[in-house]
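Structure, as structure tokens:
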Amino acid sequence: MRQGMQQGLKQGIQEGEFQAKREITVALAAMGLSEEQISGATKVDINIVRKWLGRDSDLV
1 MRQGMQQGLK
11 QGIQEGEFQA
21 KREITVALAA
31 MGLSEEQISG
41 ATKVDINIVR
51 KWLGRDSDLV
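Residues in the sequence shown are numbered consecutively from 1, following full-length UniProt numbering.
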């Protein structure tokens, strides 16, 4: 049971970090940074950055 709680906590932290990166991505774009700069700063794949910014016309 303890292992399940630890796994759940770890997953929750990862989801929170992912959500924070998404919010930071939007804020950096509003400040005028390029997709490449945002990807480098957040260490998030450029395709994910584009998806978050709604610029993924060729992605699903």
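The C-beta atom is built at its ideal place from N, Cα and C for all residues, glycine as well.
Check: Going by alpha carbons, who is nearest to residue 55 out of 29, 42, 41 and 40?
Finding: Translated into positions along the sequence shown, residue 55 becomes position 55. Minimum Cα distance to residue 55 is reached at 29.
Next item on the list: With a cut-off of 8 Å on the beta carbons, I'd call residue 44 and residue 21 a contact; round off their distance for me.
Entry: Residue 44 sits at position 44 when you count from the first residue of the sequence shown. Residue 21 sits at position 21 when you count from the first residue of the sequence shown. Residue 44 to residue 21, Cβ: 6 Å. Contact.
Check: What residues in its chain sit with their C-beta under 8 Å from that of residue 59, if we drop five residues either side in the sequence?
Finding: The residue you call residue 59 lines up with position 59 of the sequence shown. Unreliable positioning characterises residue 59 in this predicted model, as indicated by a pLDDT of 49, which lies under 50. The coordinate reading is nonetheless provided below. Around residue 59: 47, 50 and 51.
Next item on the list: Following the continuous alpha helix (DSSP H) through residue 55, name the residue where it begins and the one where it ends.
Entry: Residue numbering aside, residue 55 sits at position 55 when the sequence shown is read from its first letter. First-last for residue 55: undefined, no H or E at that position.
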